[in-house]
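Counting from 0, one number per residue, gives the positions in the sequence shown under numbering that gives the first Met the number 0.
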Amino acid sequence: MALGAHKDKANIILAALADFEKDHGSLPGIASSTSRDTLVAQVISSMRRIDFIANVVASKIHPQRLDPHNVLFDPYKGASLLLRKGELDEAVWLVFLATQFGKHIVDGWKLAGNVMGSFGNGTVWTRAQYQKSQAGFEAMLLNNVSSLNDWRIAGRYSNHRQYESRKPEKIAKVFRSFDEWQGKNDGFRERLQEIHVARGQNPEEAFDGLYRSFKKVHGFGRLGAFDFLTMIGKLEIAPISPGSVYLNGATGPLSGAKLLFFGNTACNLSVSELEKKVDKMDSYLSVGKQVIEDSLCNWQKSPNLYVHFRG
């Protein structure tokens, strides 16, 4: 296994899997040492991706990371910088942009930067600017419809978002629904406070409340909501973390869970029961629900040969 960082934890994860099997029965999907090692490698790969964001939070960030016209543009690093300046809602806005368009394996943040930066010719659409002129943002999309339709000019969505529409009216609908979700007045802080009042301040309960409320955001679905909120937590924008892998509505992670627990993807166990099994397994591995979700998704694509997935 080519593990890099966290390679010292491989034996710990293997031992945790063995302990889980001793208490809860065998895991047919990793009956062979090859498939078991491949799953462990994917777990460690997922842990490294989370470490990268932790390093962003702790590192010095250049102001050009905020400039969508600059090749250094990076909405995650920009969000971290904005948070340090106390601009909470603008930080949340950049995480939304990053999640909506994603980082393509070749194009990077090109599509997000083009939309935020009016394709290099006009307004930079911060949250404040969007609220001043939502109509202006939507007009910008219409004026650049030919560029949007040409991925060589606009850039491409990431793998997680590859089926999203490039139509201006569809993108506009996503932005309108997110703006309504974030809140018009006190923004994200007000949204989070509402969840705290209703559910308490436990990070997992707060995550669950936000996750369920995110259904109002058009086009994000289960994966978009999970990716957005886990990043909000990792960037320390809000004290939230997933208490479950949220398999309902999942594709890759659900297939991975079925393969792991039953050796095939055709089992009839309900999603909620399967979700409980996966969540229980993390109580042994202690790597976090996002790592489990991500590693199961990637492992099921190539169960017997480690492949590094990104973009």
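Even for Gly, the Cβ is constructed at its ideal location relative to N, Cα and C. None of the values given here were measured: they were computed from a predicted structure.
Worksheet entry | Cβ pair count under 8 Å reaching 3, the segment 211-222 against the segment 255-265 | no
Fill in: First through last residue of the alpha helix (DSSP H) which encompasses residue 176
On the sequence shown, residue 176 is found 177 positions in, with the first residue counted as 1. Its alpha helix (DSSP H) spans residues 167-181.
Fill in: Buried versus exposed call for residue 162 [16 or more other C-beta atoms within 10 Å across all chains shown]
By one-based count along the sequence shown, residue 162 stands at place 163. With fewer than 16 other Cβ atoms within 10 Å, it is exposed.
Worksheet item: Would you say residue 288 and residue 242 are within 9 Å of each other, going by their C-beta atoms?
Response: To locate residue 288, count along the sequence shown from 1; it is residue 289. To locate residue 242, count along the sequence shown from 1; it is residue 243. Yes, the Cβ-Cβ distance between residue 288 and residue 242 is below 9 Å.
Discussion item. So the candidates are 52, 109, 63 and 83; which of them puts its Cα closest to the Cα of residue 75?
Written reply: For this step, residue 75 is matched to residue 76 along the sequence shown. Checking every option, the nearest Cα to that of residue 75 belongs to 52.
Worksheet item: What are the partner residues of residue 107, as DSSP defines its beta bridges?
Response: As a position in the sequence shown, residue 107 is number 108, starting the count at 1. 103.
Practice prompt. Give me the Cα-Cα distance between residue 271 and residue 284, rounded to the nearest whole angstrom.
Written response: Stepping through the sequence shown from its first residue, residue 271 is reached at position 272. Stepping through the sequence shown from its first residue, residue 284 is reached at position 285. One Cα belongs to residue 271, the other to residue 284, and the distance between them is close to 20 Å.
Worksheet item: Is it buried or exposed for residue 296, if we count other Cβ within 10 angstroms and need 16 for buried?
Response: As a working mapping, residue 296 is identified with position 297 in the sequence shown. Its Cβ being crowded by 16 or more others within 10 Å, residue 296 is buried.
Worksheet item: Taking Cβ to Cβ, would you say residue 119 is nearer than 9 Å to residue 68?
Response: For the purposes of this step, residue 119 is taken as the residue at position 120 of the sequence shown. For the purposes of this step, residue 68 is taken as the residue at position 69 of the sequence shown. Contact flag set, yes.
Worksheet entry | Pairwise C-alpha distance: residue 231 and residue 244 | Locating residue 244 in the sequence shown gives position 245, counting from the first residue. Locating residue 231 in the sequence shown gives position 232, counting from the first residue. Going from the Cα of residue 244 to the Cα of residue 231 covers about 16 Å.
Discussion item. Suppose the cutoff is 6 Å on Cβ atoms and the five residues either side in sequence are ignored; what does the same chain contact list for residue 308 look like?
Written reply: On the sequence shown, position 309 is the one that residue 308 refers to. The answer, listed in chain order, is 297.
Item to complete: Between the Cα of residue 301 and those of 41, 7 and 26, spot the shortest distance and give me the residue it belongs to.
Response: Translated into positions along the sequence shown, residue 301 becomes position 302. Per the Cα distances, 41.
Worksheet item: Mind checking whether residue 294 and residue 132 have CB atoms under 9 Å apart?
Response: On the sequence shown, residue 294 is found 295 positions in, with the first residue counted as 1. On the sequence shown, residue 132 is found 133 positions in, with the first residue counted as 1. Not closer than 9 Å, so no.
Worksheet item: What number of angstroms, rounded off, separates the C-alpha of residue 246 from the C-alpha of residue 258?
Response: If you number the sequence shown from 1, residue 246 lands on position 247. If you number the sequence shown from 1, residue 258 lands on position 259. Answer to the nearest angstrom: the Cα atoms are 14 Å apart.
Worksheet item: To the nearest angstrom, how far is it from the Cα of residue 304 to the Cα of residue 33?
Response: Locating residue 304 in the sequence shown gives position 305, counting from the first residue. Locating residue 33 in the sequence shown gives position 34, counting from the first residue. For residue 304 and residue 33, the distance between alpha carbons rounds to 8 Å.
Practice prompt. Report all residues from its chain with a CB closer than 6 Å to the CB of residue 83; omit the five preceding and five following residues, and keep chain order.
Written response: Numbered from its first residue, the sequence shown carries residue 83 at position 84. There are no such residues.
Worksheet entry | Helix, strand or coil at residue 159 according to DSSP, with G and I counted as helix | The sequence position of residue 159 within the sequence shown is 160, counting from 1. Helix.
Discussion item. Is the beta carbon of residue 102 closer than 9 Å to that of residue 157?
Written reply: Your numbering for residue 157 matches position 158 in the sequence shown. Your numbering for residue 102 matches position 103 in the sequence shown. Yes, the pair counts as a contact, with Cβ atoms nearer than the cut-off.
Item to complete: Could you check the C-alpha separation between residue 179 and residue 9 for me, to the nearest Å?
Response: On the sequence shown, residue 179 is found 180 positions in, with the first residue counted as 1. On the sequence shown, residue 9 is found 10 positions in, with the first residue counted as 1. So the alpha carbons of these two residues sit roughly 44 Å apart.
Practice prompt. Give the range of the alpha helix (DSSP H) segment to which residue 130 is assigned.
Written response: Working through the sequence shown from its first residue, we reach residue 130 at position 131. 126-131 is the span of the alpha helix (DSSP H), which, as asked, contains residue 130.
Worksheet entry | Close-in-space but distant-in-sequence residues of the same chain around residue 20 (CB under 7 Å, 5 per side omitted) | Position 21 of the sequence shown, counted from the start, is the residue given in the question as residue 20. Closer than 7 Å at the Cβ level, and outside the excluded window around residue 20, lie 26.
Worksheet item: Considering only residues of the segment 19-78, which uninterrupted alpha helix (DSSP H) runs meet the minimum length of 4 residues and lie entirely inside it, listed in chain order?
Response: 32-57
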